[in-house]
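Colleague:
In full-length UniProt numbering, the protein residues as written are 1 to 173.
(1) Determine the closest residue to residue 61 out of 136, 81, 114, with distance taken between C-alpha atoms.
(2) Quick one, are the C-beta atoms of residue 89 and residue 77 less than 8 Å apart?
(3) Is DSSP giving residue 97 helix, strand or coil here?
(4) Just reading off the beta strand (DSSP E) that residue 146 is part of, what are its end residues?
(5) Could you tell me which of 108, 122, 113 sits nearest to residue 97, measuring between CA atoms?
(6) State buried or exposed for residue 130, treating a residue as buried only when at least 16 other CB atoms are found within 10 Å of its CB.
(7) Can you check which of these residues, 93, 59, 53, is closest to residue 72 by C-alpha distance?
(8) Closer than 6 Å by C-beta to residue 113: which residues in its own chain qualify, once you throw out the five before and the five after it? Chain order, please.
(9) By how many angstroms is the C-alpha of residue 57 removed from the C-alpha of residue 25?
(10) Just the C-alpha distance for residue 117 and residue 139, rounded to the nearest angstrom, thanks.
(11) Identify the residues that DSSP records as bridge partners of residue 49: which are they?
(12) Please tell me whether residue 102 and residue 115 are closer than 8 Å, where the distance is taken between their beta carbons.
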């Protein structure tokens, strides 16, 4: 009786949260069509699940997450015995393979850099962290600094600068 109750509760929770098993396949089992949608080669259907890239020694290098043929996220891993994420990429939903946000992590899994992109895939913001504290932030317009730059001096004083199309403005903040 107790086993049936646990089984029923597990099934109910899974249905409530729409938990489903993710299919995990290799890159060789996928192809990209002209619309940048990912299909399984076995049955030509849109792929939903996880695609892994492993080395010959079975070390996990990369995982990409797909839903209905559209890439949602990718995780890159450090070399080593432990499965530690080095970079995590969130993709733009409306434009496949265009970055939305890139997160970079240290070996201790703490965030040390974040890069943000607009809906057209243009680079707009770079932030750097140390011990979960923002130590650098700069707005961009593509490859050029454009907007506010924030950092700390060697003495620990906060500094702010303004840029317009890659050129530093002389205004003091």
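Backbone N, C-alpha and C define an ideal beta-carbon position, used for all residues, glycine too.
Modeller: Concretely, from the data shown:
(1) Answer by Cα proximity: 81.
(2) In this structure, residue 77 does not lie closer than 8 Å to residue 89 by Cβ.
(3) In the structure shown, the three-state DSSP call for residue 97 is coil.
(4) For residue 146, the uninterrupted beta strand (DSSP E) run begins and ends at 144-152, by DSSP.
(5) The shortest C-alpha separation from residue 97 is found at 122.
(6) In the assembly as shown, residue 130 is an exposed residue. Its beta-carbon has fewer than 16 other beta-carbons within 10 Å.
(7) Measuring C-alpha to C-alpha distances from residue 72 to each of 93, 59, 53 identifies 93 as the nearest.
(8) In chain order, 104, 128 place their CB closer than 6 Å to the CB of residue 113, counting only its own chain and leaving out the 5 sequence neighbours on each side.
(9) Between the C-alpha atoms of residue 25 and residue 57 there is a straight-line separation of about 17 Å.
(10) Taking the straight line joining both Cα atoms gives about 10 Å.
(11) DSSP lists 66 as the bridge partner or partners of residue 49.
(12) Yes. Within cutoff.
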